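In the UniProt record's numbering, the protein residues as written are 1 to 321. Ideal Cβ placement from N, Cα and C applies to all residues, glycine included. The model shown is predicted, which means the values in this text are computed figures rather than measured ones. Worksheet: one structure, shown below.
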């Protein structure tokens, strides 16, 4: 089958378009013929070696949309079922294996392209907003990296939840209209958001801040987080650690909550199923959608990674298998 693998860490040239052996399933697994997969920032970090040791040859990719090709034994799935999934060993391939508890059926009305855009970012965003951040309609929230996949999803879900004030931050103000069209109330850059948030809230600060950047953004976020507020930390795309002092937390009754979808997939996968079913329903009804920045064929995966690393895109980057 066609696949993209890498045999060492490095820049995009380590991604090799290849012919590899089609995988075989075991009990509790399904084989999926992939239609589309998505590019996530975790793929970039894993490619360059920032996510632990590599087991080479290695395949990247967190999620996919496609059709069940084969099941093992007594399964709740059948050949031909349309699904989204989190595969076991990467998704940059024509066929992938997934554990049944990380596979979710999708309706015929949902296109594979839109379905492939949603698994990681929509399930993650729903959990961040409703379970980790526990956002209320009366809250003022800040969403960092708002023009990316998770940011795009958080804005729309917050709008659906009728959140009082949605503040988006971006690296380039040219992305302002994109965020406003999704439902953000105001858009600021990373350089000015601290002062802007404080001014907008009469110096009280935001109730919830969603931070996937870390580094200086985390420090600046603590400067405009309200009393009893929550910083939701779920990534470090800046490549630097976010730093704050314990006195930034206890004396102001604020808290920091962390979350990782990857950790939850590994240790508590059943927690994801009701969330997946909810967001699939929202997508199927057209209540939310993910703008597609660009679609690349599998053999152009190097270009897809370069496009993501350029940080000039809005929405999701897909790979068509």
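Jot down the residue ranges of each uninterrupted beta strand (DSSP E) in the stretch 44 to 122, minimum 3 residues, whole runs only, in chain order. For the stretch 44 to 122, the continuous beta strand (DSSP E) assignments of 3+ residues that do not extend past its boundaries occur at 64 to 71, 82 to 85, 95 to 99 and 103 to 105, in sequence order.
Pick from 320, 214, 269 and 85: whose alpha carbon is nearest that of residue 145? Translated into the one-based positions of the chain shown, residue 145 becomes position 145. Checking every option, the nearest Cα to that of residue 145 belongs to 214.
Does the Cβ of residue 6 have 16 or more other Cβ atoms within 10 Å, making it buried, or fewer, making it exposed? By 1-based counting over the chain shown, the position of residue 6 is 6. Burial state of residue 6 is buried, judged by a 10 Å Cβ sphere holding 16 or more other Cβ atoms.
Under the three-state DSSP convention, the category residue 35 falls into: Reading the chain shown from its first residue, position 35 is the one you call residue 35. Shown here, residue 35 sits in a strand according to DSSP, grouped into three states.
Take the Cβ of residue 267 as the centre, count every other Cβ of all protein chains shown within 10 Å, and call the residue buried at 16 or more, exposed below. For the purposes of this step, residue 267 is identified with residue 267 of the chain shown, where counting begins at 1. Residue 267 should be labelled exposed.
Buried or exposed: which applies to residue 134, given that a residue is buried once 16 or more other Cβ atoms fall within 10 Å of its Cβ? Taking the first residue of the chain shown as 1, we reach residue 134 at position 134. An exposed status is given to residue 134, since fewer than 16 other beta-carbon atoms sit within 10 Å of its beta-carbon.
With 16 other CB atoms within 10 Å as the buried threshold, where does residue 255 fall? For the purposes of this step, residue 255 is taken as the residue at position 255 of the chain shown. Around the beta carbon of residue 255, a 10 Å sphere encloses fewer than 16 other beta carbons of the protein chains shown; the residue is thus reported as exposed.
Looking at residue 80 and residue 71, is the spacing between their C-beta atoms short of 8 angstroms? For the purposes of this step, residue 71 is taken as the residue at position 71 of the chain shown. For the purposes of this step, residue 80 is taken as the residue at position 80 of the chain shown. Residue 80 is positioned such that its CB atom lies no closer than 8 angstroms to that of residue 71.
Can you look up residue 245 in the DSSP assignment and give me helix, strand or coil? Looking up residue 245 in the chain shown gives position 245. In this structure, residue 245 counts as coil in the three-state DSSP scheme.
Contiguous alpha helix (DSSP H) assignments of at least 4 residues, all confined to the stretch 207 to 241: With a minimum length of 4 residues, the continuous alpha helix (DSSP H) runs that stay inside the stretch 207 to 241 are 216 to 222.
Run through DSSP, which three-state label would residue 158 get? Here residue 158 corresponds to residue number 158 of the chain shown, with the count starting at 1. Residue 158: helix per DSSP, three-state reduction.
Does residue 304 come out as helix, strand or coil in the three-state DSSP assignment? As a working note, residue 304 is residue 304 in the chain shown. Looking at residue 304 - three-state DSSP - the assignment turns out to be helix.
Tell me the DSSP bridge mates of residue 19? Within the chain shown, numbered from 1, the residue matching residue 19 stands at position 19. The bridge partners DSSP lists for residue 19 are 2.
What distance in whole Å lies between the Cβ atoms of residue 163 and residue 141, which are believed to be in contact at a cut-off of 8 angstroms? For the purposes of this step, residue 141 is taken as residue 141 along the chain shown, with counting starting at 1. For the purposes of this step, residue 163 is taken as residue 163 along the chain shown, with counting starting at 1. Residue 163 and residue 141 do touch by the CB rule: their CB atoms are close to 6 angstroms apart, below 8 angstroms.
Please classify residue 250 as buried or exposed, where buried requires at least 16 other C-beta atoms within 10 Å of its C-beta. Position 250 of the chain shown, counted from the start, is the residue given in the question as residue 250. Residue environment for residue 250: exposed (fewer than 16 other C-beta atoms within 10 angstroms of its C-beta).
Rank 64, 126, 259 and 240 by C-alpha distance to the C-alpha of residue 161 and give the top, closest one. Taking the first residue of the chain shown as 1, we reach residue 161 at position 161. The shortest Cα separation from residue 161 among 64, 126, 259 and 240 belongs to 126.
For residue 230 and residue 167, what's the separation of their Cα atoms in angstroms? Numbered from 1 along the chain shown, position 230 holds the residue referred to as residue 230. Numbered from 1 along the chain shown, position 167 holds the residue referred to as residue 167. So the two alpha carbons sit approximately 15 angstroms from each other.
What number of angstroms, rounded off, separates the C-alpha of residue 262 from the C-alpha of residue 177? On the chain shown, residue 262 is found 262 positions in, with the first residue counted as 1. On the chain shown, residue 177 is found 177 positions in, with the first residue counted as 1. So the two alpha carbons sit approximately 31 angstroms from each other.
Selected residue, minimal CA-CA separation from residue 253, among 98, 318 and 225: The residue labelled residue 253 in the question sits at position 253 within the chain shown. Ranked by Cα distance from residue 253, the options 98, 318 and 225 are led by 225.
What span of residues does the beta strand (DSSP E) with residue 165 cover, start to end? For the purposes of this step, residue 165 is identified with residue 165 of the chain shown, where counting begins at 1. Per DSSP, residue 165 is one residue of the beta strand (DSSP E) stretching across 165 to 170.
Near residue 58, which residues of its chain fall below 6 angstroms by C-beta distance, leaving aside the five closest residues on each side in sequence? Counting from one through the chain shown, the residue named residue 58 turns up at place 58. Taking residue 58 as the centre and dropping the five residues before and after it, the same chain places the C-beta of 6 closer than 6 angstroms to its C-beta, in chain order.
Below 8 angstroms on the Cβ atoms is my guess for residue 314 versus residue 184; work out the distance and round it to an integer in Å. Locating residue 314 in the chain shown gives position 314, where the first residue counts as 1. Locating residue 184 in the chain shown gives position 184, where the first residue counts as 1. Residue 314 to residue 184, Cβ: 12 angstroms. No contact.
Assuming contact is defined by CB atoms lying nearer than 8 angstroms, are residue 290 and residue 117 in contact in what I supplied? Taking the first residue of the chain shown as 1, we reach residue 290 at position 290. Taking the first residue of the chain shown as 1, we reach residue 117 at position 117. Closer than 8 angstroms, so yes.
Residue 155 versus 187, 173 and 172, residue with shortest Cα-Cα distance: Here residue 155 refers to the residue found at position 155 of the chain shown. Residue 155 has its Cα closest to that of 187, out of 187, 173 and 172.
Bridge partners of residue 257, per DSSP? Residue mapping note: residue 257 aligns to position 257 of the chain shown, counting from 1. 232, per the DSSP bridge assignment.
Just mark residue 265 as buried or exposed, buried being the case when its beta carbon has 16 or more other beta carbons within 10 Å. For the purposes of this step, residue 265 is taken as residue 265 along the chain shown, with counting starting at 1. The residue is buried, with at least 16 neighbouring Cβ atoms inside 10 Å.
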